[in-house]
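Numbering (our numbering), first residue to last: -11 to 148.
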């Protein structure tokens, strides 16, 4: 058995989702999101680090999957996203957890079958794939989709 944490990084909201992987498949462990305060950048990055470290310490994931940086028309937003990603990756590195990065289109295609899926489609497929009875918050659903993507891509290597 292995666990994977998926991270959907963001300066305002960082989603996380943890799944368990066995020979029988995947199952839901936990998910949620970290909403930062409206304080300055350094404090917000510290909030992400502290809260994400608590999640990692609580669930001890074996693998850390995160969304790759994507090109954005808004350079300032892309830089802030990159900083939030960096904090998340450092959190994994501090715990010696291997980090894997996935492009948004790859995540969407793996989970929904199309690289052009919208947030609602991702939420629905995550709910189906993990056999959940209730809707998951969209940032947490995105994070679970990232974890699911890692499982499907590396299934043979992590289960054997």
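We treat Cβ as the ideally placed atom computed from N, Cα and C, and that holds for glycine.
Buried/exposed call for residue i, threshold 16 Cβ in 10 Å
| i | result |
| --- | --- |
| residue 8 | buried |
| residue 25 | exposed |
| residue 96 | buried |
| residue 128 | buried |
| residue 42 | exposed |
| residue 138 | buried |
| residue 86 | exposed |
| residue 167 | Residue coverage of the chain in this structure runs from -11 to 148, which leaves residue 167 outside it and unanswerable. |
| residue 102 | exposed |
Beta-carbon gap between residue i and residue j smaller than 8 Å
| i | j | result |
| --- | --- | --- |
| residue 31 | residue 53 | no |
| residue -1 | residue 22 | no |
| residue 237 | residue 79 | Since the first residue shown for the chain is -11 and the last is 148, residue 237 is missing from the structure and cannot be characterised. |
| residue 90 | residue 134 | yes |
| residue 1 | residue -7 | no |
| residue 118 | residue -5 | no |
| residue 92 | residue 55 | yes |
| residue 105 | residue 4 | no |
| residue 76 | residue -3 | yes |
| residue 57 | residue 83 | no |
| residue 47 | residue -9 | yes |
Terminal residues of the beta strand (DSSP E) in which residue i lies
| i | result |
| --- | --- |
| residue 20 | 13 to 23 |
| residue 53 | 51 to 55 |
| residue -10 | -10 to -4 |
| residue 116 | Careful: residue 116 lies outside any beta strand (DSSP E), inside the alpha helix (DSSP H) at 107 to 117. |
| residue 1 | 1 to 10 |
First through last residue of the alpha helix (DSSP H) which encompasses residue i
| i | result |
| --- | --- |
| residue 98 | 92 to 100 |
| residue 68 | 63 to 82 |
| residue 58 | First-last for residue 58: undefined, no H or E at that position. |
| residue 45 | 29 to 47 |
### Message
Pairs of beta-carbons, one from the region 57 to 74 and one from the region 101 to 117, closer than 8 Å: are there three or more?
### Response
no
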